[in-house]
Each structure stands twice: as C-alpha cells, then as structure tokens.
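**Student:** The structure follows.
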Amino acid sequence: MSKIQGSAFQLKVWNYLKKIPKGKVCTYGDIAEYIGTKGSARTVGYAMNNSHSKDVPAHRVVNRKGLLTGKHHFDGTNLMQQLLESEGIEVIENQIQNLDSVYWDPTKEL
DNA sequence: TTTCTGACTCGAA
DNA sequence: CTTCGAGCCAGAA
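Sequential numbering from 9 applies to the first sequence in the working numbering.
Here it is, written out as structure tokens:
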C-alpha cells in the first residue's frame with residue numbers, strides 16, 4: 009500500500025485530492041481555501057511535488073482557467089493531458105474544455 | 001533568523 | 001492579444 013505522510017498541510021491537500029471523483033478536476037485556490045489557508049494556492053502546488061510518489065492524482069488539479077499548469081512536472085509533454093482524457097475530460101492545448109462540466113465544487117457536492 | 005523559490009491568482013497597462 | 005507587478009503562504013538553504 010502507499011504511504012501517505014508529510015506535513016499537516018500536505019496531508020490536507022492530498023486528502024482533498026483523493027476525494028475528487030474520477031472525471032472531475034479542481035483548482036489550487038479552492039483547495040487552499042478549503043483546507044483553511046485561503047490565498048495559498050501556490051503552496052498547494054508546492055505540496056504536489058511531494059505527491060509525485062504518492063497516490064495523489066495531481067493531474068486532477070488545474071489552475072483557475074482550467075489550464076494544465078502542472079503538466080511540465082509530469083513525464084513527457086502530454087502525460088497529464090492523457091490522464092485527464094482517460095477520465096473523460098476533454099483537453100485541448102493544455103486547457104480543459106467544458107470546465108464547468110468537469111469542475112468538482114466541494115461546496116456544492118458536500 | 002532572513003532570503004529565495006514556486007504546479008497561483010488578480011488586476012492593470 | 002501579451003506582459004508585468006503585487007499579494008499570498010509553505011518549505012528549503
């Protein structure tokens with residue numbers, strides 16, 4: 009099994025990501041706000057670096073515009089896009105299409 | 001302790 | 001359209 013350990017901040021981020029349903033995505037800013045550190049969207053992405061060896065689906069996290077800003081941290085140039093498309097998410101030019109349809113809003117779902 | 005970096009976001013020019 | 005600056009916070013050196 010996978011070991012999920014790290015700072016409290018990272019644990020919150022990873023736990024949040026694991027709650028995202030398949031075929032859905034979320035943004036850094038909303039995650040930060042949800043875990044209590046509103047405005048620390050950058051720090052959320054920073055925690056993702058450690059998620060590289062975890063079960064955290066970092067590919068489901070995109071920026072506000074639905075742009076795959078973190079794709080450069082994956083292997084290859086379109087791995088992140090392929091992962092998203094595998095879940096039924098349409099991605100064109102590093103940008104998620106139909107963002108409103110694939111965006112998972114915890115404030116509405118929970 | 002300070003300083004720097006970054007997978008962010010928004011607003012302005 | 002693009003580019004820049006400021007604000008925000010966690011972690012590393």
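The beta carbon of each residue, even a glycine, is placed where N, CA and C say it ideally should be.
I need the DSSP call for Thr35, collapsed to helix, strand or coil.
**Tutor:** Thr35 falls in the strand class under three-state DSSP.
**Student:** Quick check: what's the CA-CA separation for Trp48 versus Tyr36?
**Tutor:** Note on residue identity: the sequence assigns Ser, not Trp, to residue 48. Taking the straight line from one Cα to the other gives about 8 Å.
**Student:** With a threshold of 8 Å, are at least 3 pairs of Cβ atoms found where one atom belongs to the stretch 47–61 and the other to the stretch 86–97?
**Tutor:** Contact fails: fewer than three Cβ-Cβ distances are below 8 Å.
**Student:** The alpha helix (DSSP H) spanning Arg50 covers which residue range?
**Tutor:** Arg50 -> alpha helix (DSSP H) spans 49–58.
**Student:** Is the beta carbon of Trp22 sitting closer than 8 Å to the one on Lys62?
**Tutor:** Result yes, Cβ atoms of Trp22 and Lys62 sit closer than 8 Å.
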